[in-house]
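**Student:** Before I ask anything, let me first share the structure, which is written out below as structure tokens.
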Amino acid sequence: MKKLITILSSFGLVITTGTTAVACKNNQPSSLKPTTEDQNTSLTSTPENNGLENTDSIQNKEEELTKVRAQLAQLEDAEQKAKKILGQIDEGNKKANETSEKEKIKNDVEKLNAQKLEVENALKKIKEIKQQLESKLKTLEGKNN
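According to mature numbering (1 follows the signal peptide of the UniProt record, and there is no 0), the sequence shown holds residues -23 to -1, 1 to 122 in order.
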């Protein structure tokens, strides 16, 4: 029984604590690869062959592999999105070159007018904040004198 528990624990399927054994589900098929402990002639876990430490290091490696694979998948998605955006930019440049000068100027004027309103609103806010800060400064100077 002890050998069976030791073998299962080397694969990460059973965790032993003292005389009790707790079974757990292992969803990582790569953990079934033979370890250095499996290659030893003894099936029992001794301090020399570090049975539990091998299981921990295998699980850490598997977690790291999973993280790297997830990051690679995210990078591939980002690469596809970037390529799509570059294609859209190229398409936009082609359309811009095809339009007439008059249309380009009209579009530029519309964009400038839209930005003009935003700038005017920002200027109003700046003036209001400036007045508030000046009045606050006067009050603080009045208290100091």
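Virtual Cβ for every residue (Gly too), placed ideally from N, Cα, C.
So, for N84: in the same chain, excluding its five sequence neighbours on each side, which residues have a beta-carbon less than 7 angstroms away from its beta-carbon?
**Tutor:** none
**Student:** What did DSSP end up calling S112 once you bin it into helix, strand or coil?
**Tutor:** Note: S112 maps to helix in three-state DSSP.
**Student:** Tell me whether T32 is buried or exposed, calling it buried when 16 or more other Cβ atoms sit within 10 Å of its Cβ.
**Tutor:** buried
**Student:** Could you give the DSSP three-state label for T43: helix, strand or coil?
**Tutor:** Three-state result, T43: helix.
**Student:** Please classify S34: does DSSP put it in a helix, a strand, or coil?
**Tutor:** helix
**Student:** So, is I35 buried or exposed, given that buried needs 16 or more other C-beta atoms within 10 angstroms?
**Tutor:** Counting Cβ neighbours within 10 Å, I35 comes out buried, since at least 16 surround it.
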